[in-house]
Amino acid sequence: MSYLKEKFQQQGYLTRDQLKEYAKNNGISYDLVKKILSDLGIKIYDIKPKEKKKSTSDEYENCVLCGKKTEVKSSQEVETRDYYVKGIGQLCKECYQDL
Ligand SMILES: [Zn+2]
């Protein structure tokens with residue numbers, strides 16, 4: 028069980044798939060592995076816990092004309108954006124001035 032304990036310490040959790048793989052590799056039943064782990068108080072997850080979604084708030088809009096990255100964040104309300112033209116979209120400063 029030391030392999031699984033180690034994994035658990037690394038990850039903070041174990042998945043069923045890892046247990047199944049361990050059981051298979053060691054020629055023991057999955058149920059036995061599960062029982063031993065629950066006796067040890069180790070949590071088993073059906074699936075790997077999802078990593079926190081990366082916030083998209085740091086992404087910047089691209090200019091619809093030249094494709095250059097603007098200084099406007101995607102999360103920003105269009106009403107409050109600079110160089111945003113209704114019906115066209117987000118422009119960079121240069122393109123906006125060229126309009
Ligand atoms: Zn542009």
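Counting with our numbering, you get residues 28 to 126 for the letters of the sequence shown. We put the beta carbon where it would ideally sit given N, CA and C, even for glycine. Computed from a predicted structure; not experimentally measured.
Exercise. Would you check if the distance between the CB atom of residue 50 and the CB atom of residue 40 is smaller than 8 Å?
Key: If you number the sequence shown from 1, residue 50 lands on position 23. If you number the sequence shown from 1, residue 40 lands on position 13. Not in contact: residue 50 and residue 40 (Cβ atoms no closer than 8 Å).
Quiz prompt | Beta-carbon contacts of residue 88 that lie in its chain and below 6 Å, excluding the five residues immediately before and after | solution = As a working note, residue 88 is residue 61 in the sequence shown. The residues are 97, 99, 101 and 117.
Practice problem: Starting from the N-terminal end, write out each residue whose C-beta falls within a distance shorter than 6 Å of any non-hydrogen atom of ligand 3. | Solution: The model on display carries ligand 1 but not ligand 3.
Quiz item: Buried or exposed: which applies to residue 38, given that a residue is buried once 16 or more other Cβ atoms fall within 10 Å of its Cβ?
Solution: Walking along the sequence shown from the start, residue 38 turns up at place 11. By the 10 Å Cβ count, residue 38 comes out exposed.
Exercise. Going by CA-CA distance only, name the one from 71, 29 and 54 that's closest to residue 61.
Key: For this step, residue 61 is matched to residue 34 along the sequence shown. Comparing Cα positions, the closest option is 71.
Quiz prompt | Range covered by the alpha helix (DSSP H) that runs through residue 33 | solution = Sequence index remark: in the sequence shown, residue 33 carries index 6 (1-based). Looking at the DSSP string, the run of the alpha helix (DSSP H) that includes residue 33 is 29 to 38.
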